[in-house]
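Have a look at the structure below, then the notes.
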Amino acid sequence: MPLLPLLAALGASFGWASGIVIAHNPAQKLGAFAFTRIQLIACATLATLLTTLMDQWTNVPWQFWPAFLISSAFGILLGNLAMIACLRRGGPRRTELLLSLKAPIVGLIAFIWLQETPSIIELIGALTVLSGVSLAIFFNNPAPSKSDRSNAPLTHILLLGVTATTLQGIGFLVMKPALQAGLTPIAATAIRLLGAATLISLMALWPKPAFRAQTRLSYALVGRTILPGVIGYILASSLLLYAFAHLDAGIAAVLGSLSPVLILPILWWKDKHRPHYYAIAGALIAVAGTAFIALA
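Have a look at this one:
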């Protein structure tokens with residue numbers, strides 16, 4: 001197995017795990033809307049610049065504009081708002097675990113919408129993911145670390161996490177026909193981010209307190225807000241695309257889905273607090289379930 005693509009896929013997982021840990025503190029301070037608005041505008045600008053420099057706009061099949069709009073509005077904007085709200089209330093570990101439900105949820109959506117029938121192995125994988133997430137979330141450490149403390153009922157955290165995962169999955173699925181028609185991944189990223197950044201900027205014109213930052217902005221706070229977005233949207237996504245280009249798709253998908261496991265040593269290092277064995281076991285089981293689905 002080629003070493004560089006393997007490291008790229010692992011790097012993508014590490015990027016998403018570290019990015020959500022970095023995002024936790026600024027998301028708590030700014031609120032979901034202000035955090036998402038700053039991140040989307042900055043990342044959309046960077047993705048647009050990269051797409052322009054790589055001369056990828058000429059390959060855009062603009063006849064799929066309804067899919068672009070749906071993906072931007074639901075997959076990026078609403079999906080990210082729900083994810084950041086989940087992160088603020090439930091912490092990075094629970095959020096990453098709930099995001100690992102994307103594989104079975106996307107499979108269910110594909111079954112309903114595209115009539116793609118899952119195999120027995122895929123169904124076993126989906127149940128395995130659900131079992132791992134349930135174990136890690138419902139059997140919590142009685143003395144949680146600072147990053148793992150929740151400030152909302154568990155039902156609210158679960159609802160936000162599942163909503164975020166479902167919306168993000170829909171956002172990816174509706175882009176599939178355009179990607180099959182020649183749309184490049186970097187151009188797709190730029191279009192989705194530009195659409196979401198435009199929508200959230202228009203929403204911010206409404207003078208509603210919930211749309212304002214909950215604390216005073218500083219250069220350091222804005223930087224800590226933008227950094228996890230660049231890590232996730234640009235670096236991690238690019239690394240995973242490189243891995244998909246040079247590895248078997250199933251192997252790349254599994255290695256790119258290890259963030260629920262990799263986040264545990266990151267939080268251990270950050271909080272100086274060893275994760276509970278339920279968290280470790282649940283994360284490993286959830287990733288094993290994702291492996292079943294990806295390799296089926």
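Letter by letter, the sequence shown follows residues 1 to 296 in my numbering.
The beta-carbon is built from N, C-alpha and C at its ideal position, and this holds for glycine as well.
### Query
If you drop the 5 nearest sequence neighbours on each side, which residues of the same chain put their C-beta closer than 6 angstroms to that of A291?
Taking the first residue of the sequence shown as position 1, residue 291 is located at position 291. Closer than 6 angstroms at Cβ, skipping near neighbours: V254.
### Task
Would you mind giving the Cβ-Cβ distance between T165 and L108, rounded to the nearest angstrom? I have them listed as a contact below 8 angstroms.
One-based indexing of the sequence shown puts residue 165 at position 165. One-based indexing of the sequence shown puts residue 108 at position 108. Actually they are not in contact, since the Cβ atoms of T165 and L108 sit about 11 angstroms apart, beyond 8 angstroms.
### Task
Closer than 7 angstroms by C-beta to F139: which residues in its own chain qualify, once you throw out the five before and the five after it? Chain order, please.
Reading the sequence shown from its first residue, position 139 is the one you call residue 139. Counting only Cβ-Cβ distances below 7 angstroms, and skipping sequence neighbours, we find Y278.
### Query
Between which two residues does the alpha helix (DSSP H) containing R149 stretch?
On the sequence shown, residue 149 is found 149 positions in, with the first residue counted as 1. Here R149 belongs to no alpha helix (DSSP H), and DSSP marks it neither H nor E.
### Query
What do you reckon, are the CB atoms on I293 and A103 nearer than 7 angstroms?
Start at 1 with the first residue of the sequence shown, and residue 293 comes out as number 293. Start at 1 with the first residue of the sequence shown, and residue 103 comes out as number 103. In contact: I293 and A103 (Cβ atoms closer than 7 angstroms).
#### Entry: Through-space distance from S218 to G67, alpha-carbon basis
Within the sequence shown, residue 67 is the residue found at index 67, counting from 1. Within the sequence shown, residue 218 is the residue found at index 218, counting from 1. The amino acid occupying residue 67 in the given sequence is Ala; Gly does not appear at that position. Computed Cα separation, rounded: 36 angstroms.
### Query
Are the stretch 230-250 and the stretch 182-192 touching, with three or more C-beta to C-beta distances below 8 angstroms?
Contact between the stretch 230-250 and the stretch 182-192 is present: 3 or more CB-CB pairs across the two stretches fall below 8 angstroms.
### Query
Can you find a heavy atom of the ligand NAD that lies under 6 angstroms from the Cβ of T189?
This structure lacks the ligand NAD; in fact it carries no ligand of any kind.
### Query
Helix, strand or coil: how does DSSP classify A204 here?
By 1-based counting over the sequence shown, the position of residue 204 is 204. A204 falls in the coil class under three-state DSSP.
### Query
In angstroms, rounded to a whole number, what distance separates the CA positions of S131 and A286?
Here residue 131 is taken as the residue at index 131 of the sequence shown, counted from 1. Here residue 286 is taken as the residue at index 286 of the sequence shown, counted from 1. For S131 and A286, the distance between alpha carbons rounds to 7 angstroms.
### Query
Hey, how far is the Cα of V162 from the Cα of L154?
Reading the sequence shown from its first residue, position 162 is the one you call residue 162. Reading the sequence shown from its first residue, position 154 is the one you call residue 154. Near 12 angstroms, if we compare the C-alpha coordinates of L154 and V162.
### Query
From I157 to R274, what does the alpha carbon distance come to, in whole angstroms?
Translated into the one-based positions of the sequence shown, residue 157 becomes position 157. Translated into the one-based positions of the sequence shown, residue 274 becomes position 274. I157 and R274: Cα-Cα distance of roughly 23 angstroms.
### Message
Taking the straight line between their C-alpha atoms, what separation do you get for S260 and A152?
### Response
Locating residue 260 in the sequence shown gives position 260, counting from the first residue. Locating residue 152 in the sequence shown gives position 152, counting from the first residue. As written in the sequence, residue 260 is Pro, which differs from the Ser given in the question. The straight-line gap from Cα to Cα measures roughly 21 angstroms.
#### Entry: Supposed contact pair S71 and M203 - C-beta distance, whole angstroms, cut 8 angstroms
As a working mapping, residue 203 is identified with position 203 in the sequence shown. As a working mapping, residue 71 is identified with position 71 in the sequence shown. Actually they do not touch by this definition, with Cβ atoms about 17 angstroms apart.
#### Entry: Backbone CA spacing between A283 and L97 [nearest angstrom]
Counting from 1 along the sequence shown, the entry for residue 283 is found at position 283. Counting from 1 along the sequence shown, the entry for residue 97 is found at position 97. C-alpha separation (whole angstroms): 7 angstroms.
### Query
Which first and last residues belong to the alpha helix (DSSP H) in which Q28 is found?
Counting from 1 along the sequence shown, the entry for residue 28 is found at position 28. It spans L3 to L30 - the alpha helix (DSSP H) in which Q28 sits, taken as one unbroken run.
#### Entry: Own chain residues within Cβ distance below 7 angstroms of A42, not counting five before or after
Taking the first residue of the sequence shown as 1, we reach residue 42 at position 42. I226 and G229.
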